[in-house]
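Asks:
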């Protein structure tokens, strides 16, 4: 028969061989997988915050941007519309700029885009621009074919193209004046 | 391996592999050689415009996106069956389809980004609803795959993973409808096929893309399923072996004890 040592008295006692309920074991976790899992959760949260938390990522259509001009003030925002034929290359405050007219639902806005326009930038192909309203004279306005000419223009510095879903070659139709027309 | 197999291949899967390779070669030929680039003449300015050669990515990107949906929907359906019936077959199918789907989803993000650079003028747009919801799907299933390796108890692991899959798959309708519901928060075009704005060789090549990537999906699923099944068989075999070894140990101890006792009596 085995014996145990009593820690307090130091005397040997009988070994307790009564069956004991086994302690539930915590399942072993693999640290790398837990780190990947936590990173994935953190990334999802980051992406959601980035997507939902930034109102500037919403695109105003030209007619909405014109209607909200007073509220927008000098705030930067995004605007989507269809460039009209007649692009004018000029200089604005010492920077190269392309001046054109943007249109949605027959509402026009003049634009001065600073910097290089997108590779596929063409009249009839909708673009999303980022910038703000400016009240003043726009150089090159007289050369535009269909200017808004209301004393305001959009000064933008970021351009992305919103291409259509038409792959029928020459049968594909161009946007005449934005998504609503 | 537990049942004596040393490969996940079979005559059927090898034939499928050969057909898939021939299909891929044909798809690349049609996509990058035989179809025309997207070049149109502007009715007002007379200048050429369109997506030019970048349009060829449609034959890879769109089929991969559809197969991503198919893989994750398979994962969710198998997970639901697993939760109801508790069969290992469903769990292995869910795991395999999640893994294949995550690979496809990653490729969708990469090809979309490569396509976006020349056409949209950007590699990536933070805040674009279609892009973000697709990225979230990729991250959710990356998390799912990581989760499958965290718990030591395979039953618990499978139950948790099934629950995650059923939640993660809810992102798919959001991705699919995002271009309609949040038209002003995405650069992504609306559905071409739904509006039938594609025809002739372009349409044929896109359909060929669906078929070929469907074969790639089936081939990958077949092998990944067999790997998963063999892993489970191996695990069961290891447990059986461990029990047998322990029993043999106990028998040896009993015999030893019996010899000891009988020896002590002498």
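Chains as they are written, first to last, in this note's numbering: chain A, 163 to 343; chain B, 3 to 268. Ideal Cβ placement from N, Cα and C applies to all residues, glycine included.
1) How should residue 197(B) be labelled, buried or exposed, when 16 other C-beta atoms within 10 angstroms of its C-beta is the threshold for buried?
2) Do the region 112-124 of chain B and the region 84-93 of chain B meet, that is, are 3 or more Cβ pairs less than 8 angstroms apart?
3) Could you pull out every residue in the same chain whose Cβ sits closer than 7 angstroms to the Cβ of residue 78(B), ignoring the five residues on either side in sequence?
4) Quick one: Cα of residue 343(A) to Cα of residue 226(A), how far?
5) Expressed to the nearest angstrom, what Euclidean distance is found between the alpha-carbon atoms of residue 250(B) and residue 241(B)?
6) Could you spell out the range, first to last residue, of the beta strand (DSSP E) harbouring residue 314(A)?
7) Going straight from the alpha carbon of residue 253(B) to that of residue 261(B), what length do you get?
8) Got a sec? Which residues, its chain only, sit under 8 angstroms from residue 268(B) by beta carbon, not counting five neighbours each side?
9) So with CB distances below 9 angstroms, who are the chain B contacts of residue 239(A)?
10) Buried or exposed for residue 256(A), please, with buried defined as at least 16 other CB atoms from any protein chain shown within 10 angstroms of its CB.
11) Which one of 25(B), 33(B), 212(B) and 175(B) has the shortest CA to CA distance from residue 139(B)?
12) What separation, rounded to the nearest whole angstrom, lies between the Cα atoms of residue 198(A) and residue 141(B)?
13) Using the C-alpha atoms, what's the distance from residue 311(A) back to residue 323(A)?
14) On the DSSP bridge list, what partners appear for residue 245(A)?
15) Could one say the Cβ of residue 260(A) lies closer than 7 angstroms to chain B's Cβ atoms, at least one of them?
16) Roughly how many angstroms separate the alpha carbons of residue 292(A) and residue 55(B), rounded to a whole number?
17) Just grab the DSSP bridge partners of residue 312(B) for me.
18) Mind listing the chain A neighbours of residue 48(B)? Cutoff is C-beta to C-beta under 7 angstroms, in chain order.
Replies: Concretely, from the data shown:
1) Exposed, because fewer than 16 other Cβ atoms sit within 10 Å of the Cβ of residue 197(B).
2) Judged by Cβ distances under 8 angstroms, the region 112-124 of chain B makes no contact with the region 84-93 of chain B, as fewer than three pairs qualify.
3) 167, 168 and 171.
4) Because the pLDDT of residue 343(A) is 40, which lies under 50, any placement of that residue in the model is unreliable, and the number read from its coordinates should be weighed accordingly. Rounded to whole angstroms, the separation of the alpha carbons of residue 226(A) and residue 343(A) is 14 angstroms.
5) Computed Cα separation, rounded: 14 angstroms.
6) According to the DSSP assignment, residue 314(A) belongs to the beta strand (DSSP E) that extends over 314-323.
7) Rounded to whole angstroms, residue 253(B) to residue 261(B) spans 12 angstroms at the Cα level.
8) Confidence at residue 268(B) is low in this model, with a pLDDT of 44, below 50, so the placement of that residue is unreliable and no value is reported for it.
9) Those do not exist, as residue 239(A) stays about 12 angstroms from chain B at its closest Cβ, beyond 9 angstroms.
10) Result: exposed.
11) Closest option to residue 139(B), judged by alpha-carbon separation, among 25(B), 33(B), 212(B) and 175(B): 175(B).
12) Distance between the alpha carbons of residue 198(A) and residue 141(B) is about 10 angstroms.
13) Taking the straight line from one Cα to the other gives about 24 angstroms.
14) Answer is 264(A).
15) It does not; no Cβ of chain B falls within 7 angstroms.
16) Taking the straight line joining both Cα atoms gives about 27 angstroms.
17) Past the edges of chain B, shown from 3 to 268, lies residue 312(B), and the structure says nothing about it.
18) The premise fails here: residue 48(B) is roughly 11 angstroms from chain A at the closest Cβ pair, so nothing lies under 7 angstroms.
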